[in-house]
Amino acid sequence: VMHGKVDRIQFEAPSILYQHISEYSEIMRYHSLICDEETLPNTLIVTARTKDCIQSFEHRERYHYGIQYHPESFASIQVKDIVKQFIKCYRKVG
Numbered sequence: 666v667m668h669g670k671v672d673r674i675q676f677e678a679p680s681i682l683y684q685h686i687s688e689y690s691e692i693m694r695y696h697s698l699i700c701d702e703e704t705l706p707n708t709l710i711v712t713a714r715t716k717d718c719i720q721s722f723e724h725r726e727r728y729h730y731g732i733q734y735h736p737e738s739f740a741s742i743q744v745k746d747i748v749k750q751f752i753k754c755y756r757k758v759g
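For the sequence shown, the numbering used here begins at 666 and goes up steadily by one.
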């Protein structure tokens with residue numbers, strides 16, 4: 666169970682959300698659910714994971730993002746920039 670615990674993510678694929686964030690960042694997890702990678706459609710690409718599960722993915726062609734952890738948490742210090750990147754990305758799309 667990883668509820669309310671800090672973990673470390675590693676980025677797997679380039680993502681606009683993770684620009685200017687170090688390769689290994691600490692995140693806060695408030696969940697115990699795990700996405701089965703085998704069930705993801707080909708249109709999704711894993712962008713970050715911890716040692717035991719996927720933490721984020723995105724659509725290969727559309728501006729659709731999925732994040733498992735909590736970037737808004739006090740313990741996700743550096744990763745808070747993702748919220749800024751998300752807003753910046755959607756401002757461009759309109």
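Positions of the beta carbon are idealized from the N, C-alpha and C atoms, including for glycine. The model shown is predicted, which means the values in this text are computed figures rather than measured ones.
By the Cβ test, the stretch 711-725 is in contact with the stretch 688-702, since at least three Cβ pairs between them sit closer than 8 Å. Pairing serine 697 with histidine 668 gives a Cβ-Cβ distance under 8 Å. Looking at the DSSP output, phenylalanine 676 bridges to Ala713.
Taking the Cα positions, glutamate 723 is about 15 Å away from aspartate 701. Straight-line measurement puts the Cα of leucine 705 at about 28 Å from the Cα of alanine 740.
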